[in-house]
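**Student:** Residue numbers (the numbering used here): 335 to 468.
Think of the CB as a built atom: it goes at the ideal place given N, C-alpha and C, for glycine as much as any other residue.
1) Could you compute how far the alpha carbon of residue 361 sits from the alpha carbon of residue 400?
2) Can you tell me which of the three DSSP states residue 412 falls into?
3) Examine the Cβ distances between the region 432 to 446 and the region 384 to 392 and report whether three or more of them are shorter than 8 Å.
4) Under three-state DSSP, which class holds residue 345?
5) Could you compute how far the alpha carbon of residue 358 sits from the alpha carbon of residue 348?
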């Protein structure tokens, strides 16, 4: 059994409180709580947790990696305006997608990351309110 330090416990609890946070966001939340955890420790521990499969690292095409406590296979949607990330639990599409990718490339496909991009409801609402004021 691995030893769980106070810092690791604080980092894990903070990730669980947040929705798909970046390491920097976790650090900022911990700093706001005046928790005795350094930025380097947060980055190191989150990456170790991801490497061990304790959480999922979401590699964002344009931005910092984010972390997810939901380990079941799923995809994500990212808002182009605010950067919010939401889970998408797809059922049958991923298998067909992997098979088609393998067919087209002759790669042995062992997994995929699918990130949809769009505008979240909150940003769409702001856009509508802003356009009505003009």
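**Tutor:** By the coordinates alone:
1) By 1-based counting over the chain shown, the position of residue 361 is 27. By 1-based counting over the chain shown, the position of residue 400 is 66. Cα to Cα, residue 361 sits roughly 13 Å from residue 400.
2) Position 78 of the chain shown, counting from 1, holds the residue named residue 412. Residue 412 falls in the strand class under three-state DSSP.
3) no
4) Indexing the chain shown from 1 puts residue 345 at position 11. The answer is helix: DSSP assigns residue 345 an H, G or I state.
5) Stepping through the chain shown from its first residue, residue 358 is reached at position 24. Stepping through the chain shown from its first residue, residue 348 is reached at position 14. Going by the C-alpha atoms only, they are around 12 Å apart.
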